Structures are given as structure tokens and as C-alpha cells.
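Heads up: the sequence shown is residues 624 to 1053, going by my numbering.
Have a look at the structure below, then the notes.
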Amino acid sequence: MSSFWMPFTNNRDYKRAPRLLVAAEGMYYRDVDGRQLLDGAAGLWCVPCGHGQPKIAAAIAQMAGQLDYAPTFQMGHPAAFELAERLMEFSGHRFGQVFYTGSGSEAVDTALKIALAYHRVRGDGGRTRLIGRERGYHGVGFGGISVGGIGANRKHFGPLLPGVDHLRHTHDLERNAYARGEPAHGAELADDLERLATLHDPSTIAAVIVEPVSGSTGVLIPPKGYLKRLREICDRHGILLIFDEVITGFGRLTTPFASDWYGVEPDLMTTAKGITNGAVPMGAVFSKGFIHDAFMDAPAGIELFHGYTYSGHPLACAAALATLEVFKEQAVLENAAQIQPYFEQGLQSLRGLPHVIDLRSIGLIAGIELAPIAGQPGARGYAALKNAFAEGLLIRTTGDIIALSPPLVLGKEHVDELFGKLATVLKQLA
624 MSSFWMPFTN NRDYKRAPRL LVAAEGMYYR DVDGRQLLDG AAGLWCVPCG
674 HGQPKIAAAI AQMAGQLDYA PTFQMGHPAA FELAERLMEF SGHRFGQVFY
724 TGSGSEAVDT ALKIALAYHR VRGDGGRTRL IGRERGYHGV GFGGISVGGI
774 GANRKHFGPL LPGVDHLRHT HDLERNAYAR GEPAHGAELA DDLERLATLH
824 DPSTIAAVIV EPVSGSTGVL IPPKGYLKRL REICDRHGIL LIFDEVITGF
874 GRLTTPFASD WYGVEPDLMT TAKGITNGAV PMGAVFSKGF IHDAFMDAPA
924 GIELFHGYTY SGHPLACAAA LATLEVFKEQ AVLENAAQIQ PYFEQGLQSL
974 RGLPHVIDLR SIGLIAGIEL APIAGQPGAR GYAALKNAFA EGLLIRTTGD
1024 IIALSPPLVL GKEHVDELFG KLATVLKQLA
């Protein structure tokens, strides 16, 4: 096992007692010992339609036999163009174009580069500053960790990109603990953007990037009115607003995208994960038409010197097209909306259990915050992850926060199993 240097993993501890998954179907994984595990995290937030969807597997196999690879630099293939049209439909035609990448991290760096280049091609090249947010997660590329705000993801990698600043985070346990849906307090935190605009001069700021719901830092739900306020401030100063919907996109809030749920329009939107139901790596940046058109007004030639070997990979496009069909044919969003109140009720049943200091959810994403062990931050959360696996449950933890994001196809029996097993895990924790 030593040959595989595992990502975001305590390698030494893991390899002493490996947790090996060998199969998956529907709402469940199966481990190497034949045990069934309920998937409470949709893999890594990325399997909205449940595992082992036959239509997706067949589409990938068919494309692999027909067109295993095709470049999209000065070339193309039909599935890439067809998928772009289908994605525009899925987004309600609120965007004009889509730019393909191979992952969420690549989608973020792409969106940041598009934002910087957009201002330059329209003669406003002084806008070079990027604004992220504390506790934000935007992948692991240098652009993403620069605008991201999680200390452990940044501290080993030098000074990162210059000209980056961060909004304050919105997490406020004192005022918003146990809020259901949007917290009531904290919309005024969006005004931090005005502070940064005054500090740096708004004419130097190219873009602001935020997750509509911060997932990887522990499911931080923005206060009521916060995102609309950010949008208004960006409009006032000519700043592009980027939503990182790598986690929230493709149904996590029971709508196609979080921007639909909140009624706030970003200028650029990054996606990945659920776009192919996790079956093939893929990312995509959705762009408003006016951004794309600014590049098309430039002198003849290549408009944007950016892209990836696997941008619009045929297998990824086939998987994404099939995923969109599954969303429609199996009424995945409708099921998510129907089960959401029962999911929230199940979450609230954990209130009062040992070490729980907050429960929060929106759509089908939830955070369970645990009191840390004195002097050992993250230890209780890690124990919860290992105990849950032993109980037949896959969860995601970040520090001392349990994050839940089950496949959107779950039924009431899965909700009962999920929170029943979690209750057992919480009662076992030291």
C-alpha cells in the first residue's frame, strides 16, 4: 500500500486499518469484507443520482468503443457541442456559454483567468485583484488555494498569488446556532466587500469568488440576504461575481444550481462533481454571454489562450449527457425536494446528543458541528468518521464537523438509517 500517496488522508493511520471500497449500487457501497455501507456523502459530494446508473455506464462504454479521445484545440466532436446545449437548458438558459475542464480545481482556475482576461480585453486591464473569503474552498490549484480561505490548504505552499484578499466568513454560532435553512443574522457581512473596495480601490478588483454554501469547510450556509447584497455591491463597482458551485451544482439544494435557489445571478459559475454523477472526471465553467462576447470582439485569432488536454473529453461528455437524462427520467430534483423536509427532521433528531453544538442544513446538505476535544482539534470528527464506517455508514468530516450530502435519490428508509446510525456514532464518541 505504500506506493499510493493518498490525497487529503492521514496515510499512516489509514494504512494500519484500510477502509477499502470495492463496489457501489444505488445508495450503498460495499467494502472488501462484503459489508454494505450507506453513502451519506454521495462519494465526495459527486454522485447525485446514486451509484451504478446503467444508462451512464452504457454511455461511457459506447463512447469508449467509438471515440476514446478527441482534442478540442482547433478540433471538436459532436458530444461536446450537444452537451453544451443541454447544460444551457439545464441552467434555464441563464448563461451563454460553457468552458470545459477536467475537475473543479481546474474550473476555478479557469474562471479566475477568464475574469482577469475579460477586463483586459475590454481595456480595463488595471483590474487584477481577486477577492475570496475566509474558510472558502476553491480546489487545490494555485489560483484556488490563493482565493480559498482554509489555512491548512495554504500554509505549506509559499506566498501564492499576489493581489488577493479575503472577505470575512459568515459562520456565527453565537447568533445562528441550530438555524433551519438560511441563518437570520449576518447579511451585513457582505458589506466587507465595500471595506475591501475602499482599501484597494474598486477599479483594481476583477472578481469576487464565493461558494453559495461553503461545503468543505463544514457546511456554512450564508445568512438571509447575504448573496443578494454581494451581487449589488459587485454591480455597483463593476466587479464580476463568481459562484463556485462545484458542490452545490446539479441538485444539492433541490434546484439545478444554488443560484436558482437563492435567486442571485453570478457572472461566472464553476461546476464539476455531479456533472457526470462522479463517473468520469469533468468540470465546466458557465459564462454569461457578455463575457464571452467581449473576447469575440477582439482581433481575429485565438481568443483565449487557455484550455486542457481533457477539456470536453468524449467519455466525460457521454457521461454528462447520460447524467442529465437520468435527472429528467428519474425525477431526481423532484425527489430531492420531496424528501428534504424529512431529511431536515431527521437531522434535528440529533439535537441534544453528546458533543453536538450545532445542526444546520439547506436542501440535502447538512452540517453537524461537534465540540472539539481540548487541545486536539479535529480528533473527535476523525473518530466519528472511523466509527461511522464501522457502523456501515460513509460520512465526510472536516475538522470537528460532520458533513452530509447523500445522493438525491434517497428515500425515507435511507434517511432513517442515516440518522439512526449517526445517533449511535455520536453516543459512542469520547
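We put the beta carbon where it would ideally sit given N, CA and C, even for glycine.
Since the structure is predicted, the reported quantities are computational estimates derived from the model, not experimental observations.
Under 7 Å between C-beta atoms of residue i and residue j
i: threonine 899; j: threonine 946; result: yes
i: serine 726; j: glycine 906; result: yes
i: valine 903; j: leucine 850; result: no
i: isoleucine 870; j: tryptophan 668; result: yes
i: leucine 1031; j: glycine 874; result: yes
i: glycine 1015; j: glycine 666; result: no
i: leucine 853; j: alanine 813; result: yes
i: serine 714; j: valine 763; result: no
i: arginine 752; j: glycine 774; result: no
i: aspartate 824; j: leucine 790; result: no
i: valine 1038; j: asparagine 1010; result: no
i: alanine 810; j: glycine 772; result: no
Minimum C-alpha distance to residue i - residue among the options
i: arginine 859; options: Ala820, Phe718, His779, Asn776; result: Ala820
i: glycine 804; options: Leu812, Leu1052, Pro846, Thr793; result: Pro846
i: glycine 861; options: Arg750, Asp916, Phe718, Thr840; result: Arg750
i: aspartate 981; options: Arg798, Gly897, Tyr651, Ala881; result: Arg798
i: phenylalanine 765; options: Phe950, Thr894, Val731, Leu790; result: Val731
i: serine 839; options: Ala921, Ile768, Met919; result: Ile768
i: alanine 1026; options: Ile844, Asp890, Phe880, Phe873; result: Ile844
i: proline 806; options: Ala1046, Ile773, Arg983; result: Arg983
i: phenylalanine 631; options: Ile754, Ser1028, Ala702, Tyr1005; result: Tyr1005
i: serine 1028; options: Gly663, Leu993, Asn634; result: Gly663
i: alanine 830; options: Leu822, Asp824, Cys857; result: Cys857
i: proline 977; options: Glu952, Ala687, Met698, Ala1046; result: Ala1046
i: isoleucine 996; options: Met919, Val979, Gly872; result: Val979
i: proline 835; options: Asp654, Glu712, Glu817, Tyr885; result: Tyr885
i: histidine 742; options: Asp920, Lys951, Val1048; result: Asp920
i: glutamine 953; options: Pro677, Gln659, Glu855; result: Pro677
i: aspartate 788; options: Arg818, Thr894, Leu644, Gly781; result: Arg818
i: leucine 1065; options: Asn634, Gln659, Arg635, Ala802; result: The question about residue 1065 has no answer, for the chain in this structure spans 624 to 1053.
Inter-residue CB distance, residue i and residue j (contact presumed, cutoff 8 Å)
i: glycine 990; j: isoleucine 1018; result: The Cβ separation is near 11 Å, so there is no contact.
i: valine 1055; j: alanine 923; result: The question about residue 1055 has no answer, for the chain in this structure spans 624 to 1053.
i: alanine 1007; j: leucine 973; result: So it is not a contact: roughly 12 Å between Cβ atoms.
i: isoleucine 679; j: valine 949; result: 7 Å
i: valine 770; j: glycine 755; result: 3 Å
i: leucine 1056; j: alanine 740; result: There is simply no residue 1056 to check, as the chain begins at 624 and stops at 1053 in what is shown.
i: leucine 891; j: isoleucine 914; result: 7 Å
i: leucine 783; j: arginine 777; result: 6 Å
i: threonine 695; j: alanine 703; result: 6 Å
Own chain residues within Cβ distance below 7 Å of residue i, not counting five before or after
i: glutamine 963; result: Thr877, Gly986, Leu987
i: histidine 929; result: Thr733, Lys736
i: proline 889; result: Leu864, Ile865, Phe866, Ser882
i: leucine 1033; result: Met650, Ile962
i: arginine 1003; result: His978, Leu993, Pro995, Ile996, Asp1023, Leu1052
i: threonine 827; result: Gly749, Arg750, Thr751, Arg752
i: histidine 808; result: Asp795, Arg798, Asn799, Pro846
Same chain, Cβ closer than 6 Å to residue i, five either side skipped, listed in chain order
i: arginine 642; result: Phe1012
i: glycine 841; result: Gly990, Thr1021, Ile1024
i: leucine 710; result: Val721
i: lysine 896; result: Trp668, Cys669, Val869
i: methionine 686; result: Pro937, Leu938, Ala941
i: threonine 646; result: A quick correction: the sequence has alanine, not threonine, at residue 646. For alanine 646, where only same-chain residues beyond five positions count, the Cβ hits under 6 Å are Arg653.
i: methionine 698; result: none
i: phenylalanine 880; result: Glu868, Gly872
i: alanine 707; result: Val721
i: leucine 681; result: It should be pointed out that residue 681 corresponds to alanine in this sequence rather than to leucine. Hits under 6 Å: none found.
i: methionine 624; result: Lys638
Own chain, CB closer than 8 Å to residue i, minus 5 neighbours either side, in chain order
i: methionine 629; result: Tyr637
i: histidine 700; result: Leu690, Ala693, Gly935, Pro937, Cys940
i: lysine 1035; result: Ile962, Tyr965
i: proline 1000; result: Gly1022, Asp1023
i: lysine 1050; result: Leu976, Pro977
For the structure I just gave you, are there three or more beta carbon pairs, one from the region 711-722 and one from the region 910-922, closer than 8 Å? yes
Between the region 744-764 and the region 939-955, do three or more beta carbon pairs fall short of 8 Å? no
Are at least three pairs of beta-carbons, each pair with one atom in the region 964-976 and one in the region 1028-1044, less than 8 Å apart? Yes, the region 964-976 touches the region 1028-1044.
Does the count of Cβ pairs from the region 671-686 and the region 649-659 closer than 8 Å reach three? Yes, they touch.
At least three beta-carbon pairs within less than 8 Å, the region 952-960 to the region 784-796: no
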